[in-house]
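Note that the protein sequences, when read in sequence, are chains A and B. Be aware that the first sequence starts at 0, since it is given in numbering that gives the first Met the number 0, and climbs by one per residue. Be aware that the second sequence starts at 0, since it is given in numbering that gives the first Met the number 0, and climbs by one per residue. The beta carbon of each residue, even a glycine, is placed where N, CA and C say it ideally should be. Only a predicted model underlies this, so the values are computations on that prediction, with no experimental measurement involved.
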Amino acid sequence: MAHKSYARSIDLPTEQVFHNITNARRFAIDIGGSLAKVAYSSVVKRKSTMVFDEPDVEGVCGSPIYNVSEMDQEVVRLHFVKFETKYIESCLDFIKANLIKSKDVVHDKVIKVTGGGAYKYTDLIQSKLGVTVDKVDEIACLIEGCNFLLKHIPDEAFCYMRHGNPEYKFQGVDSDIFPYLLVNIGSGVSLCKVESESKFERIGGSSMGGGTFWGLGSLLTSAKEFDELLDLAEKGDHKPLDMLVKDIYGGNYGDIGLGGDVIASSFGKAARCARDTSIPDFNKEDIVRSLLLCISNDIGQIAYLQARLHGVKKIYFGGFFIRGHPFTMHTMTFSINYWSKGDVQPLFLRHEGYLCAIGAFLKGMKDGDAEQFSYSWGENLAGSSGLTSPKQAAASFDQHMKNNFSLLEINRLERALLPCPLLKDIMGYFPDTVDLTQDADARDYWLDCFFKNAVKTRDLAINSQPMSADASVRANNFLEKYRSRLKSLEQNPCAFGHLTVRNLLDTSASILEECLFTDIFSQVILCANSAPSLNDVVFVELQLLAKHASDVCPILQKALAERRLMVMESGQRSPCLDLRLIDGHLVRTMTEQEADLIVIEGMGRAIHTNMEAAFLCDVLKVAVIKNKWLANRFGGDMFAVMFRFEQSQHAPLSEAVAPPSALSSASSSSSQSSSPSSSRSTSPVSSLAYLGSAAAKSSTAQANGPGGGEGVVDRQGSCDIDELSPTASSANIPITPRGSR
Amino acid sequence: MDHTLSNGHPEDPPSSNGLEDSSQSEREDCNLNKIRNGSPDSFCDPHVRPSMPLFGMDIGGTLTKLVYFEPDNIDDFDLAEQQTLRTIHRYLMGSTAYGTTGIRDVHLEMTNQNICGREGKIHFIRFPTSQMPAFIDLAKYRKFSGLASGICATGGGAYMFEEVFESEVHLQLHKYDELDSLVKGIHYIDRYNLNSECYYFCNPLDPNNCEKMPFDFQNPYPYLVVNIGSGVSILSVHSKSQYSRVSGTSLGGGTFLGLCCLLTGCDSFEEAIELASKGDSENIDKLVKDIYGGDYNKFGLKGDTVASSFGQMMSKEKRKSAKKEDLARATLVTITNNIGSIARMCAKTEKIERVVFVGNFLRVNTISMKLLAFAMEYWSNGSLKALFLEHEGYFGAMGCLLEYLHLNNPA
């Protein structure tokens, strides 16, 4: 076979590199002169509990009132793996060997292949994978991929300022990205002007690119690998090789503003080998430094010249040359700022190496299913590699090997996400109050805080799946991954874009998800009466309401789907609540989920009954006093609010906490009833039972309706839906009324 | 970066000779104004005879260029001058090579020149700037200080070696801006070279019929000058007195030679060019066809276009079999194409069609000239023309000599 020479063994845990390869559905490959990128989509199965829409309301007490079953939820994920082209054959073999589950899905399909190698490796790919190769234009893919990343991945693009704090300035997500110049630095350099999704042209190129650095660098030193060369450059000094202005002038060339340190002639000092002098011995580090400097400067200058010729102010760099290498980025930024006097902005991409592969993949997807494009996409922080840290640049061998295989994973989100239309300045908007990349104190604090807290999170994860045998293995896996991520963020806080508390939480969540934990935090059981009384909403209605509400609210929908919000019935029909006899299923659920907060809401439930009741868990008793006599008796006014919080009483009660209440007389704490002894200790809120009226079928029709045993008074037409806000303490149902600004 | 003459002459660096300072710079301003006003023959005043000898020196990063005007009738001068001129004649004309590295470019000699009423020849001499200490020793030993009151010098070395000249040779270096001198030198030599100075290559796209042809540079403006020395400066010239430095790159002749020395162990420019002339860069570079199997039609890239300079050297096997000659050729092609590419974009930005390549990188380097001619023609679809000048690297030194006339002969 002609390609035999390219087959190399890979001493890498490839199953870790090719995540979910066994489920791969669709492939695209970008084969460049030196690096190959494989893109594939997989369907990731996540454990998720589903509640059936049509519950069996006839269900007798004690039997399930709706069907709950554990299901595999499917998430579409895009994977991108990058490695040196010389490994292509072994990688194809690996893919072939591992495509067990979806062999039929892939077999005989057309896959998009782009890059120079599309031509060279067509036969190899077709024979290995049993697919038909459809070659797609490299530049079209490049631009499609770049547009995709700029539009979908937050903090994809950044400016680099060597002396800035932080060094990286990320650009956020921008919907208005055109026009821009894309400089793709592969073996050579291509420059494209991009004016819209469909309008672009290649306006120039240069043969001095990554291949020149690699080729010349390897000739001049004994280094073989690209990253090896970058490491050498990091340690070198260019001055022994380069002829500076001051080497010629003895100082500045003041007349035309050339500073003494400006390079007048790259490698100019190496040329001083006149016949009568011995050839000086140069350090390989210095040689490579000069080389990197000269190529980076040159690319920067050419990019600037093209940007000026075409009136473009933004330059993005893609390809495999930069690799987040600070010295290279600094040189290019310096070069472009120098020539443009700051008028043209050089921007780097966190995923510079994947543009073409992403583009090729998207093209394949468009052929298959155009609908995919209505989705939003999000980076899977758990499965992607970050930017290399400047401190790691003098890398260990491990790091070096990791660099050979770098990963990007993108999840298809269930719904399209768009910017909030009411934001005054979407471009200037920055969601995070503190940027941890800038604020070193805050960064140290939060990284440490999350590091310590990870143990707690692991424990919660283990507890969230008591039935699962491997929960603790997976939870420890989470702990290890998350902590190692925190460590790497300590090294390079900018590795994944802006570092913020939000990102740290997101990362934790996505690693938990990766470890098959859906939700380890709070759940809410929303209860309603089983049978009608007054104007209270009953269980069946509440279910319908929840369903309709979730149709318009993805958060509610998700919460319901993931069973973080459960609608259940109390088993009662009275506006009052006798907790001695409640629905059996509710009882079981409260026990199983270890409810640790009960919210009792409504005059009937929290005042007429249960006002003095003590609980093993925390309890909130909330009511609006809608009866004048009663209000007077408590020493308050009509519509005053009773808000009473009592800590769990299984431990010796020190003091009941009574938050500010409008009805001071009602806030006197409950009697110090001796609590049943229990060894259960206080734990963070993880499950909450909400026992309320979920009132008002129709606020007008029944507001002053008859039979108001409690002397229901006019609600002034406002919908007294007994807002969910009392449970906002659980932070899972962030519903705030519109008029609350 | 813009540096335009009309914005005023760049400030003279402080001279070590305080006595002459003020009068000297006034005179200079006066003469420069004259040039700026564009009088038809502003190089010198024919009625004022300059004192001899007339030198101009351009001390560059790699090479020092020396231009000397030798009057034909030495007998016309007073005795002291005669003696000086004879001494210089004996030393310079007795040979075409000085030491191991100094060369007089006899083929560039300009005869029948009239400078301020004197008939004579202009000689062109060069030696490596690394030999400057030896030159200084020689000047000291030969007592150059008795031959001339000062030497006009330009290039970085004029600043670098100013003090040494003053203290060791007792010669004052009158320093001039190298770009001013360059532009002046081009105008003088183009105008007064009796043979054709400017040329181009016809049929640059057809290697078999590509030939050197004279070019009439009578009405040159506007034009771009790409001066390729150790590094590269690019000037946009709009009239005799109006020019600006629009760009430059550190990848120049010094880069070619430096890389060649490192890659092949050669130790002179001539040797590097000799190697390159026998080599084939296609064994080193990665071409479009090496990647795409042919042309990349969608974007009009021919298969034999270089996609990645030294791109094949990423492979260890290919590195092992790489020949010196091929490496030298690839280096030459890489540097030349890169300069061509930058020059082309500058010309486009400046809306200029004529691009004049000068500098010693082009000496004995037809390969690069033809490549540049090809690149200008090919990538601009024929809208740009690459021009070359016979006196390649001597324009700065020539312009500097002309400055000497103004220094000695105020109008």
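Given that a residue counts as buried once 16 or more other Cβ atoms are within 10 Å of its Cβ, and exposed if not, what is P803 of chain A?
-> No information on residue 803 of chain A is available, as it lies outside the stretch 0 to 740 that chain A covers here.
Assign D92 of chain A to one of two classes, buried (16 or more other C-beta atoms within 10 Å of its C-beta) or exposed (fewer than that).
-> exposed
For I314 of chain A and I184 of chain A, believed in contact at Cβ under 8 Å, the rounded distance | Not a contact, Cβ separation roughly 12 Å.
Under 7 Å Cβ-Cβ, which residues of chain A neighbour R318 of chain B?
-> S217 and L218
Taking a cut of 8 Å between CB atoms, which residues from the segment 291-316 of chain A lie near chain B?
-> C293, N296, D297, Q300, I301, L304, Q305, R307 and L308
So the alpha helix (DSSP H) H169 of chain B belongs to, where does it begin and stop?
-> It is not in any alpha helix (DSSP H) - H169 of chain B carries neither H nor E in the DSSP assignment.
Of the choices A:A530, A:V244 and A:V42, whose alpha-carbon is the least far from that of V74 of chain A?
-> A:V42
Would M159 of chain B count as contacting chain A if we go by Cβ distances under 9 Å?
-> yes
Own chain partners of S289 of chain A with C-beta closer than 7 Å, once the 5 adjacent residues on each side are dropped = H237, L240, D241, S265 and F266
Where A96 of chain B falls: helix, strand or coil (DSSP) = strand
Taking D246 of chain A as the query, report the chain B residues whose CB atoms sit under 9 Å from its CB, ordered along the chain.
-> G60, G155 and M159
Pick helix, strand or coil for M242 of chain A, following the three-state DSSP scheme.
-> strand
Any non-hydrogen atom of the ligand MN within 8 Å of D205 of chain B CB = Ligands in the displayed structure: none, and consequently the ligand MN is not present.
Interface residues of chain A around I290 of chain B at Cβ under 7 Å?
-> G32 and G115
Tell me whether K331 of chain B sits in a helix, a strand or coil according to DSSP, three-state version.
-> Note that residue 331 of chain B is Leu in the sequence shown here, rather than Lys. In the structure shown, L331 of chain B sits in a helix (DSSP, three-state: H, G or I).
With C-beta atoms as the reference, is L742 of chain A less than 9 Å away from S217 of chain A?
-> There is simply no residue 742 of chain A to check, as chain A begins at 0 and stops at 740 in what is shown.
In chain order, what residues of the same chain have a beta carbon less than 7 Å from the beta carbon of W445 of chain A, not counting five sequence neighbours either side?
-> L435, V500 and L503
Should F424 of chain A be labelled buried (16 or more other beta-carbon atoms within 10 Å of its own) or exposed?
-> Just to set this straight, residue 424 of chain A is Asp in the shown sequence, not Phe. Counting Cβ neighbours within 10 Å, D424 of chain A comes out exposed, since fewer than 16 surround it.
Got a sec? Which residues, its chain only, sit under 7 Å from T254 of chain B by beta carbon, not counting five neighbours each side?
-> I334
So what's N462 of chain A in DSSP terms, helix, strand or just coil?
-> helix
Can you give me the start and stop residues for the beta strand (DSSP E) that E270 of chain B sits inside?
-> Here E270 of chain B belongs to no beta strand (DSSP E); instead the alpha helix (DSSP H) covers F268 to K277.
Assuming I188 of chain B contacts E196 of chain B under a Cβ cut-off of 8 Å, what Cβ separation, rounded to an integer in Å, is found between them?
-> 6 Å
Can you list the residues of chain A that A275 of chain B reaches, using a CB-CB cut of under 8 Å?
-> What A275 of chain B touches in chain A: nothing, since even the nearest Cβ is about 14 Å away.
Kindly say whether I138 of chain A, judged by its beta-carbon, lies nearer than 9 Å to any beta-carbon of chain B.
-> yes
What's the C-alpha gap between N475 of chain A and R457 of chain A?
-> 7 Å
When you compare each of A:G203, A:G352 and A:A548 to A38 of chain A by their alpha carbons, which one comes out closest?
-> A:G352
Throw me the rounded Cβ distance for the K150 of chain A and C158 of chain A pair, which I believe falls under 8 Å.
-> At roughly 19 Å, the Cβ-Cβ gap does not stay under 8 Å, so K150 of chain A and C158 of chain A are not in contact.
Using alpha carbons as the reference points, say which of B:Y403, B:L400 and B:G392 lies closest to G230 of chain B.
-> B:G392
Verify whether the separation of the beta carbon atoms of V332 of chain B and S276 of chain B is less than 9 Å.
-> no
Quick one: Cα of W338 of chain A to Cα of E513 of chain A, how far?
-> 46 Å
Put T365 of chain B into one of helix, strand or coil per three-state DSSP.
-> helix
Neighbourhood of D285 of chain A by C-beta, 7 Å cutoff - its chain only, sequence neighbours within 5 removed = G235, D236, H237, P239 and L240
Determine the DSSP secondary structure at E137 of chain A, reduced to helix, strand or coil.
-> helix
With DSSP collapsed to three states, give me the class of A494 of chain A.
-> strand
Per the contact definition of three or more C-beta pairs closer than 8 Å, is the segment 306-314 of chain B in contact with the segment 208-227 of chain A?
-> yes
Closest to S379 of chain B by CA distance: which of A:D280, A:G203, A:D260 and A:R643 is it?
-> A:G203
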